[in-house]
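4 protein chains.
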Amino acid sequence: MPYAKFTSEIFVRPDDIDMNNHVHYSRYLDYVLAARYEQMARDYKMSMEEFVQRGLGWVVSACSVHFKRSLAIGDTAIVKTHIVEIGTTSAKVGFEIIRKSTNKLSADGYFEYTLVNLETGRAAQITDEIIQRYSI
Amino acid sequence: MPYAKFTSEIFVRPDDIDMNNHVHYSRYLDYVLAARYEQMARDYKMSMEEFVQRGLGWVVSACSVHFKRSLAIGDTAIVKTHIVEIGTTSAKVGFEIIRKSTNKLSADGYFEYTLVNLETGRAAQITDEIIQRYSI
Amino acid sequence: MPYAKFTSEIFVRPDDIDMNNHVHYSRYLDYVLAARYEQMARDYKMSMEEFVQRGLGWVVSACSVHFKRSLAIGDTAIVKTHIVEIGTTSAKVGFEIIRKSTNKLSADGYFEYTLVNLETGRAAQITDEIIQRYSI
Amino acid sequence: MPYAKFTSEIFVRPDDIDMNNHVHYSRYLDYVLAARYEQMARDYKMSMEEFVQRGLGWVVSACSVHFKRSLAIGDTAIVKTHIVEIGTTSAKVGFEIIRKSTNKLSADGYFEYTLVNLETGRAAQITDEIIQRYSI
């Protein structure tokens, strides 16, 4: 079953730029997080706040990034994410970051998010309801 | 002579939030910088890049901020800036940050920017041409 | 009554450096926060965590910074802070940031911290006990 | 040929903490960068500045991180890095981040750094001299 890709636009801020005059490499992870946050509410109709109200949260348990072409000041990053697979307590999410002005790939990779019980800090089971809402 | 106020919108990113569940207080300064960067190109028609091409740059020499109401995840910050006065080597810029959803003031204050010669690092005179382009 | 100055050392991290090859100006505020956090526990013997356990927190309600000389990669910042005055619900804290290698002033200014009730978000009265512990 | 592991200590700053009350996950990458920066000068005797003087720079071309246990305010991160292998234009560097207070693994993974000609932005060959200095 192929999952849909959703798209967010992030405008590069001057404070994202580092001494190499490019977007600092760890900020790419923040762009993915910002895109994911927007898409959870807008596209999956299940916002991060809704999880928190249920006493649940998503934490990043792993990530892998390939940096292809740098982003610079004035750029807009197009961030596409999609579900790769859903496990019992975690979901793998793929992403691509595209430089809007050239439509060329800037970075890609994946994140592994683990669902946690916010009170105990332990992994929580991903219920059928969550699977259904994410299965788009 | 009253100067015009220009407006930018900054969407709060999850990485801007700190342990108090609000936008981290130093990020307000980054929002002003991002707004100013956009407004220099879009409104004053004199982008930061144009200054750099002339061997000039603006550095923050002072700032004063009053924090009134916090911004939270999901918020959009409306950042208004305007010239307060232009000196021989520096310009004072006032700002207001407004929470878009409530239209209430989140923070205000001012920045003092000094024009510097990028090669020598020393203060550079603000020419009549720059004054004219900023005098809106 | 003059209050004591306390000192912390912050080593500049590469991610603190911005496109001008200097410590990004908003990171100076983060250095003051880091110094203050350390000094609350080590010097005032009243850690931020202790406040949180009492349902209290300190939020920055205002700040004023003068940037004198930039800090660069490889630098260590010496951050000195001291109480300027204690009001009914807020405390004014002065700071100096000194570049260790040259012993020259990099920035100075002050912060105004307001004590808040973490549950209500409202200003809380600074008790005599807190005044006494801070009165060094 | 096994390469040596070098160690740096990074004290968690309050601005590293995010809304989950833990070190923000992208800051782990900044800790590795800070450790690497220190170790290049102190342990490999070939500082980042020395590369820049030769017109060369290291850029992160890929990274992979496993997040095991979170770091919190007040923690010190012990960051160990070591060369995994050296290619013609890139080097793979492994890392471990350990929470000092418990001596438990907080995160591990690797970075791939590509040597670039700072003028052209293209990959540059890693010379025998560089290999020798890194071969410890």
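Protein chains in written order, with the numbering used here: chain F, 154 to 289; chain E, 154 to 289; chain A, 154 to 289; chain B, 154 to 289. Using N, Cα and C, we set each Cβ at its ideal position, and we do this for glycine too. As the structure is a prediction and not an experimental result, all values here were calculated from the model.
{"query": "Using a C-beta cutoff of 8 angstroms, does Ala277 of chain A count as contacting chain E?", "result": "no"}
{"query": "So the candidates are F:His219, F:Pro167, F:Lys233, F:Met199; which of them puts its Cα closest to the Cα of Asn256 of chain F?", "result": "F:Lys233"}
{"query": "Along the alpha helix (DSSP H) that carries Tyr156 of chain A, what are the first and last residues, could you check?", "result": "Element bounds for Tyr156 of chain A: n/a, residue is neither H nor E."}
{"query": "Measuring CB to CB, does Val165 of chain B end up less than 8 angstroms from Gly227 of chain B?", "result": "yes"}
{"query": "Taking a cut of 7 angstroms between CB atoms, which residues from the stretch 171 to 191 of chain E lie near chain B?", "result": "Asp171, Met172, Asn174, His177, Ser179"}
{"query": "Can you name the residues of chain B whose CB is closer than 7 angstroms to the CB of Ala166 of chain A?", "result": "Before going further, note that residue 166 of chain A is Arg rather than Ala in the sequence given. Near Arg166 of chain A (Cβ distances below 7 angstroms), the residues of chain B are Asp183, Ala187."}
{"query": "One question on the structure: do Phe220 of chain B and Ser179 of chain F come within less than 8 angstroms of each other, judged by their Cβ atoms?", "result": "no"}
{"query": "Straight-line CA distance for Trp211 of chain F to Leu268 of chain F?", "result": "5 angstroms"}
{"query": "Could you give the distance in angstroms between the alpha-carbon of Val163 of chain B and the alpha-carbon of Ile289 of chain E?", "result": "At residue 163 of chain B the sequence reads Ile, which differs from the Val that was named. Approximately 47 angstroms between the Cα atoms of the pair."}
{"query": "What is the rounded straight-line gap between the Cα of Tyr266 of chain A and the Cα of Gln278 of chain B?", "result": "53 angstroms"}
{"query": "Determine the chain A residues that contact Ile226 of chain F at a beta-carbon separation under 9 angstroms, and present them in chain order.", "result": "Met172"}
{"query": "Check the DSSP bridge columns for Thr234 of chain B and list the partner residues they point to.", "result": "B:Phe159, B:Phe248"}
{"query": "Going by DSSP, which residues form a beta bridge with Gly210 of chain E?", "result": "E:Val269"}
{"query": "From Gln192 of chain B to Thr160 of chain B, what distance separates their C-alpha atoms?", "result": "8 angstroms"}
{"query": "Rounding to the nearest angstrom, what Cα-Cα distance links Ala194 of chain F and Val205 of chain B in this structure?", "result": "44 angstroms"}
{"query": "Closer than 7 angstroms by C-beta to Asp281 of chain B: which residues in its own chain qualify, once you throw out the five before and the five after it? Chain order, please.", "result": "none"}
{"query": "Quick one: residues in its chain with C-beta nearer than 7 angstroms to the C-beta of Asp169 of chain B, no 5 flanking neighbours on either side, listed in chain order?", "result": "Val176, His177, Arg180"}
{"query": "Tell me the DSSP secondary structure of Asp261 of chain E in three-state form.", "result": "strand"}
{"query": "Are there 16 or more other CB atoms within 10 angstroms of the CB of Gly262 of chain E, so buried, or fewer, so exposed?", "result": "buried"}
{"query": "Are the C-beta of His235 of chain A and some C-beta of chain E separated by less than 8 angstroms?", "result": "no"}
{"query": "Relative to the alpha-carbon of Ile251 of chain B, which residue among B:Val185, B:Tyr156, B:Pro167 has its alpha-carbon at the smallest distance?", "result": "B:Val185"}
{"query": "For Ser259 of chain B versus Arg222 of chain B, is the C-beta spacing smaller than 8 angstroms?", "result": "yes"}
{"query": "Does chain F have any CB closer than 8 angstroms to the CB of Ser288 of chain B?", "result": "no"}
{"query": "Can you tell me the Cβ-Cβ gap for Ala244 of chain E and Tyr190 of chain E, rounded? I've got them flagged as a contact below 8 angstroms.", "result": "In fact, because the Cβ distance is near 15 angstroms, the residues do not count as touching under 8 angstroms."}
{"query": "I want to verify the contact list: residues of chain F whose CB lies under 8 angstroms from the CB of Gly247 of chain B, in sequence order.", "result": "None at all; the shortest Cβ gap to chain F is about 14 angstroms."}
{"query": "Can you tell me where the alpha helix (DSSP H) holding Val165 of chain F begins and where it ends?", "result": "From DSSP, Val165 of chain F is part of no alpha helix (DSSP H); its letter is neither H nor E."}
{"query": "Where does Ala157 of chain F land, buried or exposed, given buried means 16+ other C-beta within 10 angstroms?", "result": "exposed"}
{"query": "State the DSSP-derived secondary structure class of Ala215 of chain A, mapped to helix, strand or coil.", "result": "strand"}
{"query": "Go ahead and label Ile283 of chain E buried or exposed: buried means 16 or more other beta carbons lie within 10 angstroms of its beta carbon, across all protein chains shown.", "result": "buried"}
{"query": "I'd like to confirm the pairing. Which residues does DSSP put opposite Ile239 of chain B in its beta bridges?", "result": "B:Ala244"}
{"query": "Quick one: using the 10 Å Cβ neighbour count with 16 as the cut-off for buried, is Asn173 of chain A buried or exposed?", "result": "buried"}
{"query": "For a contact defined as C-beta to C-beta under 8 angstroms, what are the partners of Ser214 of chain B on chain F?", "result": "His219, Phe220"}
{"query": "Can you give the Cα-Cα distance for Tyr238 of chain E and Val246 of chain E, rounded to whole angstroms?", "result": "Residue identity check: residue 238 of chain E is Glu in the sequence provided, not Tyr. One C-alpha to the other measures close to 7 angstroms."}
{"query": "Take Ala188 of chain E and list the residues in its own chain whose beta-carbon comes closer than 7 angstroms to its own, dropping the five residues that flank it on each side.", "result": "Ser161, Ile163, Val232, Thr234"}
{"query": "Could you list which residues in chain C have their beta carbon closer than 8 angstroms to that of Gly210 of chain E, in chain order?", "result": "No chain C is part of this structure, whose protein chains are labelled F, E, A and B."}
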